[in-house]
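Beneath this line is the structure, given in structure tokens, with notes to follow.
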Amino acid sequence: MGRIRNIWSMVAAEIGRSKFYILAAAILFGFGIYSGYSSDEFDEVLSKATAQVFGEVRDQITQSDNPTLTSIWLIFLNNVRAVFFMMALGLLLAIMPIISMLLNGILIGFVLRLQEASGLSVAELIFKGLLPHGLLEMPAIIIGAGYGIRLGVTLILRLFPSMRTNLQTIREAALSGVPLFGFLVVLLFFAAIIESTLTAFLLLG
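If you number the sequence shown the way the numbering used here does, the last residue is 665 and the count never jumps.
Right, here's the structure in full:
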């Protein structure tokens, strides 16, 4: 228990250090949702991208001997990979997490608009298709992106000697992200289970 408390204290400390960047990531995500929902400028590109990505995942799941376990694994793996790259590549001037949050938001807004255009209930999609697993998945993704943005901003600020006094070194910032990443992996694991079971049941029920 002592080890778990120690790890949690490190995770909480990192979330505290990243709180403004996490807020920035959430704002970018919200702006992306608004853009995807209110604009049809990128509909053709989004349609092709979602058809390709979801089509490949659907084929792997339907061809599997155990579709539920395959679904859990694929969703979990894709989300962990996305969070890892947002956190690690935030070092490149925070460009990756910023773009990722915008694109994720645009994609969700696009799906919501398609749902509405087809005469289906947007509220139903949100409460049945997004919220059950999204209550874990979305915070994990936003926190990961916020950390990535903080890492990039830390690198930029450390380029100015006068700004270095109260800043972590890049090594310290990177090491503090390790327990945070582990925590986010746990959240994403349970989110994948919920998405592949409860969410699927609610949408198909």
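We put the CB at the ideal spot given by N, CA and C, even for glycine.
What you are looking at is a predicted structure, and each value in this text was computed from that prediction instead of being measured.
Cut-off 6 Å between Cβ atoms - residues of its own chain near residue i, not counting five sequence neighbours on either side
{"i": "Ile467", "result": "Pro639"}
{"i": "Ile566", "result": "Gly492, Ser495 and Gly496"}
{"i": "Glu632", "result": "none"}
{"i": "Phe570", "result": "Gly496 and Leu506"}
{"i": "Leu549", "result": "Met556"}
Check whether residue i and residue j have beta carbons under 8 Å apart
{"i": "Thr659", "j": "Gly589", "result": "yes"}
{"i": "Thr657", "j": "Thr528", "result": "yes"}
{"i": "Ile609", "j": "Arg618", "result": "no"}
{"i": "Ser531", "j": "Ile521", "result": "yes"}
{"i": "Met547", "j": "Gly637", "result": "yes"}
{"i": "Leu644", "j": "Ala600", "result": "yes"}
{"i": "Ser478", "j": "Tyr607", "result": "yes"}
{"i": "Ile475", "j": "Ile602", "result": "no"}
{"i": "Ala554", "j": "Val471", "result": "no"}
{"i": "Met561", "j": "Ala485", "result": "yes"}
{"i": "Leu572", "j": "Leu585", "result": "yes"}
Beta-carbon proximity list for residue i, same chain, < 7 Å, skipping 5 on both sides
{"i": "Phe536", "result": "Leu648, Phe649 and Ala652"}
{"i": "Ile558", "result": "Leu488 and Ile609"}
{"i": "Val540", "result": "Val645 and Leu648"}
{"i": "Leu663", "result": "Lys588 and Gly589"}
{"i": "Ile568", "result": "Ile493 and Gly496"}
{"i": "Phe545", "result": "Met556"}
{"i": "Gly462", "result": "none"}
Distance between beta carbons of residue j and residue i, contact taken as under 8 Å
{"i": "Leu611", "j": "Leu551", "result": "5 Å"}
Same chain only: Cβ atoms within 8 Å of residue i, ignoring 5 sequence neighbours per side
{"i": "Leu534", "result": "Val517, Gln520 and Ile521"}
{"i": "Trp654", "result": "According to the sequence as given, residue 654 is Ile; it is not Trp. Closer than 8 Å at Cβ, skipping near neighbours: Pro592, His593 and Leu596."}
{"i": "Leu615", "result": "Leu551, Leu553 and Ile630"}
{"i": "Glu576", "result": "Val582"}
{"i": "Leu635", "result": "none"}
{"i": "Met623", "result": "Leu617"}
{"i": "Ala473", "result": "Ser636"}
Alpha helix (DSSP H) runs contained entirely in the stretch 561–646, provided each spans 4 or more residues: 591–617
Whole alpha helix (DSSP H) elements within the stretch 516–564, 4-residue minimum: 527–548
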